[in-house]
Every structure is written in structure tokens, then in C-alpha cells.
Amino acid sequence: MKELYRLKLLARVGGCVMAALFFWLVLSLCIPTFHVTEPKGQLYTIRHQELRDNNPLYTDFFLKSIKNHNGWLVLGTSETNPRPKGNYYDFLNADTSLHCGFSMICGAGRTACTYFPLIQSNENIRGLKVIFFLNPSYGCGKLAFSNEDYFDRYVSNAIYRKANRPVNQEVDDILKVNQPVASWFSNIEESMAYGLERLRRKYYQDLVFWMKPQKFYDKLVWLRSETVERLPKSCDRPEKSRYNYELNVGADFDVHSYTLWPHPESSYRCDELRTMIRLCKAYQVDIVFVLGPHNHIAYKKVHPEELPKIQEVSENLRQVLEQENAAFIDCTDLSTVPGVFADWQHHTSYGGYLIYQKIKAYVLEKENR
Amino acid sequence: MLLSDYQLFFEILLFVSLFVACKWLFKKEWLNHILLLAGNILILTNITTPKSLFWLSLLAALVYVEGLLLHYRKNGGALAVFLILLLAVFAVRNYPLVQSWLGSSWENGLSKHFLSIEKIGLSYILFRMIHWLVENYKHTIRTRNFLCYLNYLFFFPTFMAGPIDTLNNFHYWVGRTHVRFNVRMLMAGIGRIFFGAVKLLLIVPYIKPYAVDYQVLVPSLGPWGAVGSAALLYSLYIYIDFSGYCDTAIGMAYMMGIRTPENFDNPYFSTNISDFWKRWHITFSTFLKIYVFKPVIALLNRFPIAKYRMLVSVIAYMVTFFVCGIWHGSTLNFVFWGLWHGIGLSVYKLITYGKPVRPLTRTRQILGIGGTFVFVTVGWIFFNYPVDQLMIMFKLLF
């Protein structure tokens with residue numbers, strides 16, 4: 002073993018490593034890019050990493066699969082995460098009267114700005130039908146302001162800068178406000194990381210899929226009829242034993258464990274929404290916003306002084322939607338319905354079911370138009 | 040960590056390229072130090088927090104002044120006070136037991152400041168600070184350059200887990216400006232990092248799940264088989280993981296033209312436990328020998344107990360390995376692990392005391408290697424599992 006660590010031998014190994022790296026680099030030029038056929042069904046969702054790196058093989062295929070099948074793309078934050086008894090898009094998918102599928106992308110803190118690169122760098126976004134859930138909780142606490150951690154979780158900075166090409170003066174001015182500030186040094190680093198990732202992709206993606214195309218299809222999550230059949234079609238109010246109707250939260254949730262303090266004075270979320278609307282118009286995205294409810298009952302009981310503020314947050318979002326002439330489904334009336342909330346900011350499956358009914362009405366009306 | 044993060048990897052790559060180029064082109068020692076300091080700050084802010092770095096730098100400056108005082112005015116009492124204060128900082132930060140002794144003063148104010156110092160790399164910095172103080176007291180330090188001292192403390196490849204260099208060696212390699220660009224060192228560094236990467240990225244992930252938790256193996260191997268196999272795998276895992284980390288650290292240092300000392304020398308081929316500690320985590324065991332074992336012997340020699348040589352050695356071993364144990368972790372199992380080795384070394388000393396050293400026969404060599412490996416492997420069980428889990432394991436076995 003000692004022999005292995007002699008400087009002379011180590012230097013030879015180092016030389017071989019460098020030669021191998023060079024060979025690896027040259028060989029990557031010879032690997033053909035993997036092309037996929039037209040999607041034969043609609044994808045249910047896309048993996049987080051593919052979206053973060055904006056891997057065109059997956060994002061293009063995902064968007065195409067929705068568009069080609071006249072489906073909808075549902076975008077949202079943590080409230081859109083799957084629920085044990087179903088969320089609003091599950092009920093939508095289970096509803097056979099709608100004749101279309103609903104794919105989704107969601108995650109805590111996945112607000113509008115994290116979708117900008119997706120819109121700006123994918124041609125297939127044009128003409129896509131999108132439902133965007135607006136949760137007023139994102140006007141509360143730290144969430145009311147620009148959040149670098151969340152942004153970094155969902156968007157590679159290198160992708161953001163690459164995607165962030167000028168749209169028009171109106172949009173560009175607001176985009177600048179939301180753009181994360183990165184030093185020149187980290188820009189270099191991330192560009193190098195992005196370059197290396199693309200190089201690696203040549204092997205773990207193009208080469209592997211070129212040899213075994215089925216491997217690509219195995220990685221996808223389809224919205225299949227047999228999956229849809231298993232989805233819940235409706236949801237009742239939560240049982241009294243499992244729900245705290247006095248505070249309008251789940252029985253096991255402690256309202257004092259944390260509080261979302263509303264910040265109606267922060268204009269960040271409104272600016273972000275305005276940018277999203279204008280960006281969608283510029284890229285001809287057929288978007289409808291769902292103005293989500295807030296937990297009115299809990300605020301009234303626990304922090305009555307904060308109630309006007311959370312209402313103001315919600316009202317500010319509505320004003321932006323109206324000013325920008327954006328289509329939206331108003332679900333704020335669900336704020337006072339008992340059984341809708343699981344905690345301060347997430348709706349229950351029952352809440353999801355009520356939201357589904359409102360979206361369904363909108364979709365049917367749009368289809369009949 | 041140095042290999043798993045893209046951003047950090049590129050920062051290191053960019054910095055090493057810049058450092059090598061400037062070292063080769065300008066051949067100025069002061070420039071090497073300034074560049075190295077900038078690189079250390081840049082890279083360490085990714086590994087630890089800027090706040091933690093600030094507090095550690097402040098502590099480093101204080102210790103630097105203390106070292107100078109000891110150099111110009113040799114005073115054993117002052118050295119003892121400085122060392123106690125330094126150890127107190129480490130103990131307060133690391134040990135919940137010490138924190139509980141402080142009571143309300145910890146709760147009300149101290150915790151806020153101390154907890155802003157990250158644990159990562161702290162114990163290794165402490166070692167280097169002790170080295171600075173003691174060697175200044177002994178007048179063996181060849182440089183008092185503040186930048187060199189700071190770089191020595193915060194040298195990013197060895198910041199987290201060693202090897203623990205000496206300031207003189209570090210100063211020699213950073214200050215070497217008269218040599219030509221050393222392609223062989225650069226390539227050797229790449230080769231060494233390659234070995235480290237193979238260990239850390241290709242071998243460790245496959246062993247780790249089975250090595251760190253015997254319960255994964257219980258359904259297929261039964262209790263004894265699972266505990267035995269997990270212990271065996273843990274022996275391999277801890278060596279491959281740690282030596283892999285050292286390979287990357289030493290490799291990075293090589294690339295910058297700095298030869299940091301080796302940390303391992305085929306430890307599992309040791310023929311006895313004393314030999315094992317000369318081959319395992321060499322820089323750390325050397326440190327313990329110089330700064331704990333020998334001072335304890337010197338202290339005991341002042342008392343009447345000095346005439347009982349064996350007893351003096353046994354006490355020194357037990358104290359040294361008790362320190363070794365609590366340095367590795369704040370829970371009781373680390374104390375057990377330390378004492379296990381302390382007892383092992385004491386017994387070995389008792390057996391070999393006064394006997395002439397003879398070359399071992401082939402059979403004795405094999406028996407020695409096997410016996411030492413089994414002893415060390417049993418020790419790793421104490422190292423790996425907290426006391427409550429050890430209890431569950433013993434209940435399962437007996």
C-alpha cells in the first residue's frame with residue numbers, strides 16, 4: 002500500500018486521470034443527442050431535478066405531453082402537495098366529465114418566480130393551459146419577501162441567467178426586481194457547474210438512452226387511466242374526532258406552534274404576480290389563477306388583530322389580478338368554511354374538494370365557450 | 040464534503056489554479072500567504088459560517104499574541120493558564136455536560152455566542168493553537184509571521200479532519216519560492232485526489248449502510264452474524280472513509296506544492312496495539328503523545344509514584360486515551376472506546392515490559408495482525424453506537 006502513495010506513482014496516476022478526462026471530453030463530442038418520439042400520453046409530473054436544471058429532454062417532453070393531449074398544467078406551492086385523501090387536481094383528474102388530464106408541479110416555496118425560467122426557455126409553453134394556485138400565506142412572515150433559499154432549491158442560477166433573456170420593457174423592468182443578485186465569481190462557478198452537468202448528461206442521459214431508449218420512458222410518471230380510476234372522486238367534511246372545528250385546523254395541529262404574521266406592506270408578492278401575468282401574456286400562456294383562501298376562523302380566534310392584514314394581503318393579490326386583466330377563480334369565500342384548513346396555510350382534502358368544484362366550473366365554462 | 044458539492048469543487052479548482060500560477064510566476068512568499076488566506080476565507084465560508092470564522096479568527100489572534108508572549112517571556116504558569124482557557128472554550132462549546140454546569144449564565148447569554156461557533160473543524164484548530172502555544176514556549180517555532188500562522192490554522196484542505204501539520208513544516212512548503220514549477224507534485228496531487236475519490240464515492244456508499252447499523256443485517260444473518268459483520272464492515276468503512284478524506288486533503292495540498300504529513304500507514308497490518316497507534320491517524324496520535332502522554336509522564340515523575348514505572352505508564356496511557364475518547368465525541372461511548380484502547384495498551388505494556396524486542400516469526404506476525412484487528416474492531420463498536428444502542432445490542436446478543 003505504501004508503494005501506491007509514492008510521489009512518482011501518484012504523479013503517473015494523476016497523468017492518467019488527466020488523460021482519461023481529456024478522452025472523456027473528446028468522446029462526449031461523438032455521442033449523438035437522444036431524441037424522443039411524440040408522447041403517447043400525458044405525464045403526471047416531472048422530477049424536481051430535471052426541472053431545476055431545465056433538462057430540455059424532460060421539460061420539452063413533459064410540456065408536449067400536456068399540450069398534445071389538451072391537458073392542463075397545475076402549478077402551486079405547498080398547498081398543492083399530494084394529500085392522503087386527495088387534492089384538488091386529483092378530483093379534477095378523477096372527474097370523467099372534464100375529458101382532460103391535469104398534470105402538476107408543486108412544492109413549498111415554489112412561487113411564481115421559480116417558474117419564470119420554465120416559461121422563458123421552453124417553446125412548448127406557448128398556448129399551454131395553466132392553473133396557478135395563489136396562496137395568500139406567501140404574503141406572511143419571511144415568505145412575504147424574496148426568498149433565496151427557496152429560489153435556489155427550485156432553480157439553478159445558471160439556468161435562470163441563461164433563460165432570462167429580454168422579453169419586453171414592461172416585463173424586463175419587473176424581472177430585474179425579482180432577479181437574484183449573484184456575484185461575478187458565483188456566476189463563473191455556476192456556469193462551470195452547468196457546463197459540467199451538460200457534459201455528464203451526454204453520458205448518463207444521451208449515451209444510456211441511445212443504447213436503451215426504454216430507460217428514458219421508465220423514468221417518467223404517467224397520468225394513466227388505471228391510476229386515475231383509483232383517485233378519490235369526492236371528499237366529505239373531516240370527522241369531528243379528527244378535526245378542531247373551533248379553530249378550523251386538524252385535531253393534531255397546535256395553532257400556537259407557529260404563526261404566519263401577514264405583511265400587507267410588502268409589495269414583493271404583488272410584483273412577482275404582476276411579472277408572472279405579463280410574462281405569460283408575452284409567451285401566450287393560457288393561464289388562470291386560483292386566488293386561494295386564508296384561514297379566517299383561526300386568525301379570528303387566535304390573532305384577531307391580524308385578520309384585517311391577511312385580508313389585505315389577499316385583496317392586494319386580487320387587485321393585481323384585476324388591474325392586469327388576468328383570468329382568476331376566486332376561492333377566498335372558502336376562508337370562512339369550517340373544515341377547509343389543516344393548519345394555518347394548507348387546505349384539507351375537503352378544502353381541496355371545494356376548490357376542485359370551483360375550478361371544474363371554470364374549466365367547463367371555458368370548454369363551452 | 041470537498042468532493043460532493045459542485046460549487047465548492049469549482050471554487051477549490053479555481054483557487055488552486057490561481058495559487059499555483061502565482062506561486063510559479065511571482066515567487067514571493069508574502070504573495071503566497073495573502074493568496075492562501077484569501078482562498079481559505081473564500082472556501083471555508085462554504086464549509087462553515089462567516090460568523091463562526093470571525094469568532095475563530097478573533098480567538099486565533101488572541102492565541103497568536105499569547106504565543107508571542109510565551110516566546111519572549113518563557114513562563115510555565117502562563118502557558119498553563121492559556122492552555123486551560125483554550126480548553127475551556129472548546130469544552131464549553133462541545134460538551135453539554137459543561138454547558139449544564141454553567142447553568143443560567145449559559146442559558147441567558149453564553150450559549151448565543153458560543154453556539155455561533157460551528158463545531159466543524161473546531162477541534163483541529165484547537166490542536167494547532169495548542170501546538171503554537173507549546174512550541175513557542177519551547178522556542179521551536181521558526182516563524183512568527185501572522186499570515187503564515189493564520190493560514191496554518193485555517194488551511195482549507197486539512198481544516199475539517201486533518202492531517203494535523205506542524206507550523207514549521209507548513210511554513211517550509213508555503214515559503215518555498217526558489218523552486219521551479221513542480222509538475223510532478225501537481226500530478227501527484229491529482230492522483231492522490233483520484234484515490235480519495237474512488238474511496239469516498241465508489242466504495243464508502245456501498246459499505247456505509249451495513250457498517251453503521253447492524254440492525255439492517257439482523258434479518259439475514261441473525262444477531263451474532265449481524266453484529267460481527269457490521270463491526271467488520273465498520274472497521275473497513277471508517278478506514279476507507281477517513282483515509283479517503285485524507286487522500287483528498289493531502290492531494291489538494293500537493294497540488295498547491297505543500298506536503299502535509301501522512302495520516303495512515305496500513306494500520307490494519309499492525310502486529311500489536313502499540314504499533315496500531317503508530318499507523319492510525321498518525322498526526323493525531325503523535326499530537327497526543329507529545330502534548331498529553333509525555334507531559335503526564337513528566338508530571339507523575341515529580342511524585343513518589345515515579346519509582347513504579349509500570350504504574351506511571353498505565354496511568355499515562357489511561358489519561359491519554361481518556362482524552363482521546365472525549366475529544367472524539369461528547370457521549371459516554373467515546374469514553375468507553377478511549378478506555379478500551381487505554382486498557383489494551385496498558386496490558387500490552389505489561390506483557391512486553393522488560394522483554395527484548397525480537398523480530399516476529401511469520402506465524403506470530405499473522406496472529407498479531409489478526410488479534411490486533413479483532414481488538415480494534417471490537418473497539419469500533421463502542422465508537423459507533425451510543426450507550427443506549429449498545430445496551431440493546433448486548434440484550435440481543437446475550
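If you read the protein sequences in the order shown, they are chains Z and S. Under the working numbering, the letters of the first sequence match residues 2 to 370, in that order. Under the working numbering, the letters of the second sequence match residues 40 to 437, in that order. Quick reminder that beta carbons are idealized off the backbone N, C-alpha and C, glycines included. These numbers come from a predicted model, not from an experiment.
Residue i: contacting residues in chain Z (beta-carbon distance under 7 Å)
i: ALA227/S; result: LEU8, LEU11, ALA12 and GLY15
i: ARG223/S; result: LEU8 and ALA12
Bridge-paired residues (DSSP) for residue i
i: SER104/Z; result: LEU74/Z
i: LYS130/Z; result: TRP73/Z and ASP287/Z
i: HIS348/Z; result: PHE342/Z
i: TRP223/Z; result: LEU44/Z
i: CYS141/Z; result: PRO263/Z
i: TYR244/Z; result: GLY251/Z
i: LEU135/Z; result: LEU292/Z
i: ASP331/Z; result: LEU292/Z
C-alpha gap between residue i and residue j, whole angstroms
i: LYS317/S; j: THR325/S; result: 8 Å
i: VAL120/S; j: ARG183/S; result: 21 Å
i: SER267/Z; j: ASN317/Z; result: 10 Å
i: LEU271/S; j: THR411/S; result: 13 Å
i: TYR205/Z; j: LEU224/Z; result: 26 Å
i: GLY296/S; j: ILE289/S; result: 10 Å
i: MET105/Z; j: VAL257/S; result: 41 Å
i: ASN20/S; j: THR34/Z; result: Here chain S covers residues 40 to 437 and nothing more, so residue 20/S does not appear.
i: PRO196/S; j: ASN208/S; result: 15 Å
i: LEU11/Z; j: GLY409/S; result: 30 Å
i: SER162/S; j: SER258/Z; result: 36 Å
i: ARG401/S; j: GLY407/S; result: 10 Å
i: LEU93/Z; j: GLN358/Z; result: 8 Å
i: LEU57/S; j: TYR89/Z; result: 55 Å
i: CYS61/S; j: LYS282/Z; result: 52 Å
i: GLU368/Z; j: LEU129/Z; result: 14 Å
i: ALA250/S; j: ALA345/S; result: 44 Å
i: GLY77/Z; j: LYS216/Z; result: 29 Å
i: PHE437/S; j: TYR253/S; result: 16 Å
i: GLY78/S; j: ARG201/Z; result: 28 Å
i: TYR6/Z; j: PHE198/S; result: 22 Å
i: HIS442/S; j: CYS17/Z; result: Given that chain S is displayed from residue 40 to residue 437, the structure contains no residue 442/S and the question cannot be resolved.
i: PRO239/Z; j: ILE431/S; result: 41 Å
i: HIS210/S; j: VAL386/S; result: 40 Å
i: VAL335/S; j: THR287/S; result: 34 Å
i: VAL286/Z; j: TYR293/S; result: 55 Å
i: GLY140/Z; j: ARG243/Z; result: 29 Å
i: THR349/Z; j: TYR155/Z; result: 25 Å
Where residue i meets chain S, residues with beta-carbon distance less than 7 Å
i: VAL18/Z; result: ILE229, GLY230 and PHE233
Contact list for residue i against chain S, beta-carbon separation under 8 Å
i: ALA328/Z; result: The contacting residues do not exist; ALA328/Z stays about 40 Å from chain S at best.
Chain Z residues whose Cβ lies nearer than 9 Å to that of residue i
i: PHE54/S; result: Those do not exist, as PHE54/S stays about 10 Å from chain Z at its closest Cβ, beyond 9 Å.
Any chain C beta carbon closer than 7 Å to residue i
i: VAL55/S; result: You won't find chain C in this structure, because its protein chains are Z and S.
When you compare the region 314-331 of chain Z with the region 49-60 of chain Z, are there three or more beta-carbon pairs, one atom per stretch, that lie closer than 8 Å? no
Taking only runs that begin and end inside the region 248-327 of chain Z, name each unbroken alpha helix (DSSP H) of 4 or more residues, in chain order. 269-283, 297-303 and 308-324, all fully within the region 248-327 of chain Z.
Fill in: Touch test, the region 224-235 of chain S against the region 279-289 of chain S, Cβ-Cβ under 8 Å, three pairs minimum
yes
Given 8 Å, three or more beta-carbon pairs between the region 106-126 of chain Z and the region 51-63 of chain S:
Counting Cβ pairs under 8 Å, fewer than three are found: no touch.
Next on the checklist: Check whether the region 365-377 of chain S and the region 128-141 of chain S touch, using three or more Cβ-Cβ pairs below 8 Å as the test.
Outcome noted: Counting Cβ pairs under 8 Å, three or more are found: they touch.
Runs of beta strand (DSSP E) lying entirely within the region 17-78 of chain Z, each at least 3 residues, in chain order:
Whole beta strand (DSSP E) segments, 3+ residues: 44-46 and 73-76.
Stretch-stretch touch, CB-based, cutoff 8 Å, three pairs: the region 327-342 of chain S with the region 422-436 of chain S: no
TODO: Tell me, please, whether the region 255-274 of chain Z touches the region 299-313 of chain Z by the rule of three or more beta-carbon pairs shorter than 8 Å.
DONE: yes
*the region 199-214 of chain S in contact with the region 260-269 of chain S per 3-pair CB rule at 8 Å*: no
Cβ contact (3+ pairs, closer than 8 Å) linking the region 246-254 of chain Z and the region 341-359 of chain Z
yes
Curious, which full-length alpha helix (DSSP H) runs of at least 4 residues does the region 107-195 of chain S contain?
115-133, 135-141, 150-153, 161-177 and 185-193
Is there contact here, the region 158-175 of chain S with the region 186-196 of chain S, by at least three beta-carbon pairs under 8 Å?
yes
Do the region 72-86 of chain S and the region 309-323 of chain S touch if we need at least three Cβ pairs shorter than 8 Å? no
Stretch pair the region 327-342 of chain Z + the region 141-152 of chain Z: three plus CB contacts closer than 8 Å:
no
Original post:
Do the region 61-70 of chain Z and the region 22-40 of chain Z touch if we need at least three Cβ pairs shorter than 8 Å?
Top reply: yes
Where are the alpha helix (DSSP H) runs, 4 residues long or more, that stay fully inside the region 294-347 of chain S, in chain order?
312-318, 321-327 and 333-339
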